[in-house]
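Below: the structure, in structure tokens.
Numbering (UniProt numbering), first residue to last: 1 to 138.
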């Protein structure tokens with residue numbers, strides 16, 4: 001990996017980090033199933049214990065999928081993530097992370113904004129195709 005000096009950062013094609021590797025075709029179906037069930041998946045143990053918890057499992061108030069799917073896009077483990085019911089507080093920190101990793105953020109109306117009820121995080125190659133599919137459904 002080559003590290004560019006600060007004077008050459010403007011020449012970077014996809015941020016200062018190289019584009020992440022994408023999933024192989026055989027793993028896309030697995031990733032899609034995981035993404036579809038992420039909100040219903042609950043941990044079996046409390047995060048501080050190495051053994052099973054006897055207390056009720058605590059769940060974040062926003063569910064498990066608010067940021068997780070977008071971060072999977074940023075790391076190249078997921079090609080796209082659509083977040084419905086998002087507020088500015090849900091996506092404001094994700095936008096620079098996604099864009100620095102070489103991905104894109106768009107609201108469904110196809111205009112970037114952090115004041116939206118929907119957020120689409122995707123790799124640039126799939127962005128327009130997903131917008132075309134979702135615009136007439138939501």
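Yeah, the Cβ is synthetic: ideal placement off N, Cα and C, and Gly gets one too.
Where residue i sits in the DSSP three-state scheme
{"i": "residue 70", "result": "helix"}
{"i": "residue 75", "result": "coil"}
{"i": "residue 84", "result": "strand"}
{"i": "residue 119", "result": "strand"}
{"i": "residue 128", "result": "helix"}
Pairwise C-alpha distance: residue j and residue i
{"i": "residue 100", "j": "residue 117", "result": "23 Å"}
{"i": "residue 87", "j": "residue 93", "result": "11 Å"}
{"i": "residue 71", "j": "residue 107", "result": "17 Å"}
{"i": "residue 97", "j": "residue 29", "result": "25 Å"}
{"i": "residue 74", "j": "residue 103", "result": "7 Å"}
{"i": "residue 89", "j": "residue 67", "result": "11 Å"}
{"i": "residue 128", "j": "residue 134", "result": "10 Å"}
{"i": "residue 95", "j": "residue 132", "result": "21 Å"}
{"i": "residue 130", "j": "residue 91", "result": "19 Å"}
{"i": "residue 105", "j": "residue 126", "result": "12 Å"}
{"i": "residue 27", "j": "residue 69", "result": "16 Å"}
Closer than 7 Å: residue i CB and nearest the ligand ADP heavy atom
{"i": "residue 100", "result": "Here there are no bound small molecules, and the ligand ADP is not part of this structure."}
Reference residue i; option with closest CA among the options
{"i": "residue 77", "options": "131, 24, 134, 133", "result": "24"}
Inset, instruction - Would you be able to state if there are at least three C-beta pairs under 8 Å between the segment 79-92 and the segment 116-127? - result: Touching, yes.
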